[in-house]
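Down below is the structure, laid out as structure tokens.
In the working numbering, the protein residues as written are 23 to 402.
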């Protein structure tokens with residue numbers, strides 16, 4: 023059966039990658055179908071859903087069941103060619119008539135519960151975001167109107183397996199427990215979308231801020247967290263990841279009124295920041311060797327040393343060369359100065375920005391002047 027997405031794709035790294043649809047679309051489609059089954063007494067094999075993006079989906083209805091006072095069915099999540107942890111999960115909707123007017127929406131097994139302030143839904147609510155809730159309500163109301171039912175409807179969305187999948191997502195860090203979130207603002211999954219990752223960074227930052235965090239401990243990725251784990255006095259659980267999005271992280275912090283950020287980063291990432299590069303992904307900019315070479319020349323390196331640095335593949339190799347030449351400390355002093363300058367430039371000096379740089383082979387390399395003091399805010 024064609025879903026309506028057959029002609030929707032992007033080209034990424036010379037590969038054709040197909041679109042998918044969100045957990046929110048699955049929940050809305052299942053809820054609308056279950057409501058129609060409840061009110062008509064007839065099972066459905068497929069349903070149609072108009073997504074907020076304007077793409078009409080045709081989705082297969084699975085595990086349809088009609089009981090004495092309820093109806094239930096599922097839609098299987100298809101994330102397209104996106105590396106989506108929820109791909110393949112069945113999203114169930116169970117609907118019942120209710121004495122309460124309107125459409126009541128809740129989460130069941132596999133749908134997380136909000137336990138911290140600052141998220142889109144209040145503490146205690148099912149982690150079903152605003153747009154999916156609106157989609158679910160619309161589909162159920164349309165079914166009621168078609169079948170001339172004026173009473174209330176209770177909808178419970180469940181996602182078997184969501185508890186385990188949630189462990190692979192940001193949910194545990196965001197204060198969402200017991201399952202995954204029902205997400206999606208457009209109803210459609212665009213493969214390898216940076217927007218979703220950037221949005222998750224802002225969501226975690228907002229949650230932390232509204233739960234009292236005025237200062238943030240940020241690492242680009244796992245290297246930074248692993249480096250911090252070796253320091254027993256640091257509360258690693260207080261750190262958050264920014265991936266490659268250093269600039270967006272600073273922008274969000276300014277917008278939220280964060281007072282300061284301490285970045286703990288591998289030299290391979292933040293050498294780029296020393297050149298004003300605020301998205302450190304290699305497809306956006308590399309220049310690691312070139313920037314280290316420039317700093318080395320400023321520190322007095324000769325042309326042969328410069329050539330050796332330019333021929334390196336990794337920053338670890340380049341750091342080895344700088345150490346052999348006896349100029350590592352001088353180079354890192356310049357790197358740190360420039361990192362601080364460009365962090366402050368991006369945020370317009372609206373908050374304190376500090377950084378600690380390290381390498382996997384050499385450990386701690388250097389830090390900005392205020393890093394040590396700011397680090398104390400995250401100690402046990």
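Ideal placement from N, C-alpha and C gives every residue a C-beta, glycine not left out.
Item                                                                                                      : Value
Inter-residue spacing [alpha-carbon to alpha-carbon] between residue 210 and residue 90                   : 34 Å
Same chain only: Cβ atoms within 6 Å of residue 159, ignoring 5 sequence neighbours per side              : 125
Length-filtered (3 minimum) beta strand (DSSP E) runs lying within the segment 32-92                      : 37-40, 68-72, 78-82 and 84-88
DSSP beta-bridge partners of residue 335                                                                  : In DSSP, residue 335 forms no bridge with anything.
Residues sharing a beta bridge with residue 128, DSSP                                                     : 178
Simplified DSSP assignment, three categories, for residue 411                                             : This structure cannot settle anything about residue 411, because the visible part of the chain is limited to 23 through 402.
Three-state class that DSSP yields for residue 330 in the structure shown                                 : helix
Residue from 178, 281 and 380 with nearest C-alpha to residue 252                                         : 380
Where the beta strand (DSSP E) through residue 288 begins and ends                                        : 282-288
For residue 380, the first and last residue of its enclosing alpha helix (DSSP H)                         : Segment 374-381 is the beta strand (DSSP E) holding residue 380; no alpha helix (DSSP H) there.
Residue 203 burial status per 10 Å Cβ neighbour count (16 or more: buried)                                : buried
Rounded straight-line distance, which links the Cα of residue 197 to that of residue 352                  : 43 Å
Sufficient close CB pairs (3 or more, under 8 Å) joining the segment 111-120 to the segment 48-65         : yes
Proximity of residue 314 and residue 293 at Cβ, strictly below 8 Å                                        : yes
CA-to-CA distance, residue 235 to residue 255, given in whole angstroms                                   : 18 Å
Cβ-based neighbour list, residue 174, same chain, cut-off 8 Å, excluding 5 preceding and 5 following      : 119, 120, 121, 122, 123, 124, 125 and 126
Cutoff 7 Å; reference residue 291; Cβ partners in own chain excluding five residues on either side        : 242 and 302
Counted within 10 angstroms of its Cβ, other Cβ atoms place residue 229 as buried (16 or more) or exposed : buried
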